[in-house]
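**Q** So the sequences go chain by chain: A and B. Each residue of the first sequence is one higher than the last, beginning at 1 in the numbering used here. Each residue of the second sequence is one higher than the last, beginning at 1 in the numbering used here. Sharing a structure here in structure tokens format.
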Amino acid sequence: MVVIIDYGIGNTGSIIKMSERLGFEAVLSKDPVLIADASHIILPGVGSFDNAILKLHNTGLVPLLTTLATKEDRPFLGICLGMQLLFNGSEEGIESGLGWIDGHVIKFSTEELNNHKIPHMGWNQVLPENNSNLFRGSNKAYRFYFTHSYHATNVAVDHVIGRTPYGNNFISAVQRRNIYGVQFHPEKSHNFGLDLLRNFLII
Amino acid sequence: MLSVRVIPSLLLKGQGFVKGKKFKDHRYIGDPINTIRIFNDKQADELVVFDINATINKTGPNFDLLKEFANEAFMPLSYGGGLNSLSQIEKLFTIGFEKVVLNTCAIENPNFIKEAVYIAGSSSIVVSIDVRKNFFGRYDLYSHSGTKKHTVNVFDFAKLAEDLGAGELIVCNIDKEGMRSGYDLDLLRKMTENLSIPVVANGGAGSFSDFNVAVNLGGVSAVAAGSIFVYHGKLDGVLIQYPDYEELVKIF
Numbered sequence: 001m002v003v004i005i006d007y008g009i010g011n012t013g014s015i016i017k018m019s020e021r022l023g024f025e026a027v028l029s030k031d032p033v034l035i036a037d038a039s040h041i042i043l044p045g046v047g048s049f050d051n052a053i054l055k056l057h058n059t060g061l062v063p064l065l066t067t068l069a070t071k072e073d074r075p076f077l078g079i080c081l082g083m084q085l086l087f088n089g090s091e092e093g094i095e096s097g098l099g100w101i102d103g104h105v106i107k108f109s110t111e112e113l114n115n116h117k118i119p120h121m122g123w124n125q126v127l128p129e130n131n132s133n134l135f136r137g138s139n140k141a142y143r144f145y146f147t148h149s150y151h152a153t154n155v156a157v158d159h160v161i162g163r164t165p166y167g168n169n170f171i172s173a174v175q176r177r178n179i180y181g182v183q184f185h186p187e188k189s190h191n192f193g194l195d196l197l198r199n200f201l202i203i
Numbered sequence: 001m002l003s004v005r006v007i008p009s010l011l012l013k014g015q016g017f018v019k020g021k022k023f024k025d026h027r028y029i030g031d032p033i034n035t036i037r038i039f040n041d042k043q044a045d046e047l048v049v050f051d052i053n054a055t056i057n058k059t060g061p062n063f064d065l066l067k068e069f070a071n072e073a074f075m076p077l078s079y080g081g082g083l084n085s086l087s088q089i090e091k092l093f094t095i096g097f098e099k100v101v102l103n104t105c106a107i108e109n110p111n112f113i114k115e116a117v118y119i120a121g122s123s124s125i126v127v128s129i130d131v132r133k134n135f136f137g138r139y140d141l142y143s144h145s146g147t148k149k150h151t152v153n154v155f156d157f158a159k160l161a162e163d164l165g166a167g168e169l170i171v172c173n174i175d176k177e178g179m180r181s182g183y184d185l186d187l188l189r190k191m192t193e194n195l196s197i198p199v200v201a202n203g204g205a206g207s208f209s210d211f212n213v214a215v216n217l218g219g220v221s222a223v224a225a226g227s228i229f230v231y232h233g234k235l236d237g238v239l240i241q242y243p244d245y246e247e248l249v250k251i252f
């Protein structure tokens, strides 16, 4: 059973629909018993960093999730803001992130962007690195839908599994063992998203 | 790879999709769920749905219907129409919409933009700007589906929306809408020159070359269109269409 964490944030309808389309049972939940038994855990997220991390702490689930992800190797996927929460913190707020992957989140700066606009809104490429099983498959021309103003930085080279050209090549996907994060929205990226989500759900 | 988004704009009236000219004379196009399913099959970049009576009739979003839309779409969906509370916005995200479009409420209470951005993030909040050129050749700002005129300067309002955190603007000259004679390039250019957030062109596209011109001369980041995706042939038969990726790349 795939569990999508219900902490009052994020586009959860589409993730569920896509999982079901792929043949997996998926449910939105904040029930610790259900989560403890989940085969895969997905953390969605939309909005601002502090608002999200505080809401997540309010569910009381953080200790359980930390154990499952960092000690029990449960496959875990953070999407968009859900990925940003995996790091130590964000320029967007003052709260600490989960700190499961070393790194920080910063805003796109106008210098690095040349003429590009903020937020980064729309379809863009992801160039896979480090041969992650998240991007396995024949599809070389990956494009996914992005909608964000902040992005990861200061992540160890071994943990970077995808970069995207927008100004510079920013880090758009990360992995540390069983913990994955993607800045884009696979649930909104047609067949590219289906392929990636399938790769995650068969881990 | 192509970074310009090409966005079908779908007008919801009651339970059906419609299309009009200059925000009037709306003609029934078809069943919305089926229409969205077709755009999904054709891998449309994203869709925007406007409920054209929601503000005028003071109804909120039709959540049940919108949830069914979201179930059909594996691409980003935006919704606009009658939004005036944060709880409506949160609910839209939960049922599967990526972005919400604010028009009337943003004009009558600009601070609402800031409140919405706080809970949703800039990338999820779009402000829609509908204008008409007046007798003196200047632009007037309209709300309530183009029925109520405001005195604020259109470009000042656009800058205000940006300053309050809106993630993008969708800009439409009402008199061009549905006419298929091209977008209002002057309007688009003035907007994009003064703003650093993305601007989406809306209203007037008649051919794919209008998309190209809107980007290259108007400076927009994305193009939205209605008629060009739902009508076909000399007699304007209804046919839902969307170019495939290779064709899209060629346009720009």
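Every residue, glycine too, gets a C-beta built ideally from N, C-alpha and C.
Within the continuous alpha helix (DSSP H) that includes A:K55, where are the two ends?
**A** 49-58 is the span of the alpha helix (DSSP H), which, as asked, contains A:K55.
**Q** Do you know whose CA, among B:S207, B:H150, B:T151, B:V238, lies nearest B:L248's CA?
**A** Closest option to B:L248, Cα to Cα, is B:S207.
**Q** Which chain A residues are close to B:A158, counting only those with a beta carbon under 7 Å from its beta carbon?
**A** Within chain A, no residue comes near B:A158; the closest Cβ sits about 14 Å away, beyond 7 Å.
**Q** Expressed to the nearest angstrom, what Euclidean distance is found between the alpha-carbon atoms of A:N154 and A:Q183?
**A** 15 Å
**Q** For A:Y7, which of A:Q84, A:A36, A:N51 has the nearest alpha-carbon?
**A** A:N51
**Q** Does any residue of chain B have a CB that is nearer than 9 Å to the CB of A:I118?
**A** yes
**Q** Can you give, in chain order, each stretch of the beta strand (DSSP E) that sits fully within the region 44-112 of chain B and has at least 3 residues?
**A** 47-51, 77-80, 99-102
**Q** Residues of chain B with CB under 7 Å from A:V46, in chain order?
**A** F93, A120, G121, S124
**Q** For the region 147-180 of chain B, list every residue whose C-beta sits within 8 Å of some C-beta in chain A, in sequence order.
**A** G167, E168
**Q** Considering just the uninterrupted stretch of the alpha helix (DSSP H) at A:E111, what are its terminal residues?
**A** Run containing A:E111: 110-113, per the alpha helix (DSSP H) assignment.
**Q** Are B:H26 and B:I52 close, meaning C-beta to C-beta below 9 Å?
**A** In this structure, B:I52 lies closer than 9 Å to B:H26 by Cβ.
**Q** Is the CB of A:S19 under 9 Å away from at least one CB in chain B?
**A** no
**Q** Hey, out of B:V101, B:S9, B:G20, whose CA is closest to B:M179's CA?
**A** B:G20
**Q** Got a sec: is the Cβ-Cβ distance from B:F97 to anything in chain A below 9 Å?
**A** yes
**Q** Would you be able to state if there are at least three C-beta pairs under 8 Å between the region 54-64 of chain A and the region 163-170 of chain A?
**A** No: fewer than three Cβ pairs fall under 8 Å.
**Q** Taking the beta carbon of A:A156 as the centre, do at least 16 other beta carbons fall within 10 Å, making it buried, or is it exposed?
**A** Exposed: under 16 other Cβ atoms inside 10 Å.
**Q** Taking only runs of the beta strand (DSSP E) that begin and end inside the region 86-152 of chain A, which ones reach a length of at least 3 residues, in chain order?
**A** 104-107, 120-125, 143-148
**Q** At what residues does the alpha helix (DSSP H) containing A:Q84 begin and finish?
**A** From DSSP, the alpha helix (DSSP H) with A:Q84 extends over 81-84.
**Q** What does B:I197 reach in chain A if we use C-beta pairs closer than 8 Å?
**A** K117, I118, P119
**Q** Check each residue of the region 23-53 of chain B: if its Cβ is closer than 7 Å to any Cβ of chain A, include it; give the result in chain order.
**A** Q43, D45
**Q** A:G193 lies in the alpha helix (DSSP H); which residues open and close that run?
**A** 190-201
**Q** Which stretch, first to last residue, makes up the beta strand (DSSP E) that contains B:D140?
**A** Where B:D140 is concerned, the enclosing beta strand (DSSP E) stretches over 139-143.
**Q** Between which two residues does the beta strand (DSSP E) carrying A:N169 extend?
**A** It spans 168-176 - the beta strand (DSSP E) in which A:N169 sits, taken as one unbroken run.
**Q** Relative to chain A, which residues along the region 62-89 of chain B have a C-beta separation below 9 Å, given in chain order?
**A** K67, A70, N71, E72, A73, F74, M75, P76, L77
**Q** Give the range of the alpha helix (DSSP H) segment to which A:F184 is assigned.
**A** A:F184 -> no alpha helix (DSSP H), and no H or E assigned at all.
**Q** Specify the secondary structure class of A:V160 as computed by DSSP and reduced to three states.
**A** strand
**Q** Considering just the uninterrupted stretch of the beta strand (DSSP E) at B:Y28, what are its terminal residues?
**A** It spans 24-30 - the beta strand (DSSP E) in which B:Y28 sits, taken as one unbroken run.
**Q** Verify the CB distance criterion: does B:A224 have a CB-CB separation below 9 Å to chain A?
**A** no
**Q** Let me know the beta strand (DSSP E) ranges lying completely inside the region 152-239 of chain B, each 3 residues or longer, listed in chain order.
**A** 168-173, 199-202, 222-225
**Q** Could you compute how far the alpha carbon of A:A38 sits from the alpha carbon of A:V2?
**A** Cα to Cα, A:A38 sits roughly 6 Å from A:V2.
**Q** Kindly say whether A:H190, judged by its beta-carbon, lies nearer than 9 Å to any beta-carbon of chain B.
**A** yes
**Q** Does the distance from the C-beta atom of B:L9 to that of B:F50 stay below 9 Å?
**A** The sequence shown places Ser at residue 9 of chain B, not Leu. Against a cut-off of 9 Å, the Cβ pair of B:F50 and B:S9 comes out as a contact.
**Q** For A:A26, name the three-state secondary structure that DSSP assigns.
**A** strand
**Q** In angstroms, rounded to a whole number, what distance separates the CA positions of A:D102 and B:N71?
**A** 36 Å
**Q** What are the start and end residues of the beta strand (DSSP E) that includes B:S9?
**A** 5-13
**Q** Just to confirm, is the Cβ distance from B:F17 to B:I29 under 9 Å?
**A** yes
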